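Scroll down for the structure; my scribbles are underneath it.
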Amino acid sequence: MAVLKVIEVLANSDKSWEDATKKAVEHASKSVKNIRSVYINEQSASVDDGKITEFRVNVKITFEVK
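Under full-length UniProt numbering, the first residue of the sequence shown is numbered 1, with each subsequent residue one higher.
Have a look at this one:
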């Protein structure tokens with residue numbers, strides 16, 4: 001039986017929501033080991049002068065506690 005824990009992480013990118021998600025996982029993996037999955041909870045973007053300037057994600061990262 002595995003014990004799993006979920007944390008919530010906010011991240012942003014000037015490229016895409018996918019890039020923001022990758023950044024969230026990369027940053028979390030610096031201090032959290034055994035990451036199993038990521039769930040995109042929310043997506044949003046900042047707009048300036050009719051153009052998207054920043055992509056934001058709120059993700060839930062699941063990892064195994066050993």
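We put the beta carbon where it would ideally sit given N, CA and C, even for glycine. Note that the coordinates shown come from a computational prediction; the quantities given were computed from them, not determined experimentally.
I need the boundaries of the beta strand (DSSP E) containing Lys60, first residue and last residue. Per DSSP, Lys60 is one residue of the beta strand (DSSP E) stretching across Lys51 to Val65.
Using a C-beta cutoff of 9 Å, does Val38 count as contacting chain D? Protein chains in the displayed structure number just one, and chain D is not present.
Quick one: is residue 78 buried, meaning 16 or more other Cβ sit within 10 Å of its Cβ, or exposed? For residue 78 there is no data in the structure shown, the boundaries of the chain being 1 and 66.
For Glu3, which of helix, strand or coil comes out of DSSP? Here residue 3 turns out to be Val, not Glu, going by the sequence shown. Judged by DSSP in its simplified three-state form, Val3 adopts strand.
Let me know the secondary structure DSSP gives residue 74 once reduced to three states. Examination of residue 74 is not possible in this model, given that the chain is present from 1 through 66 alone.
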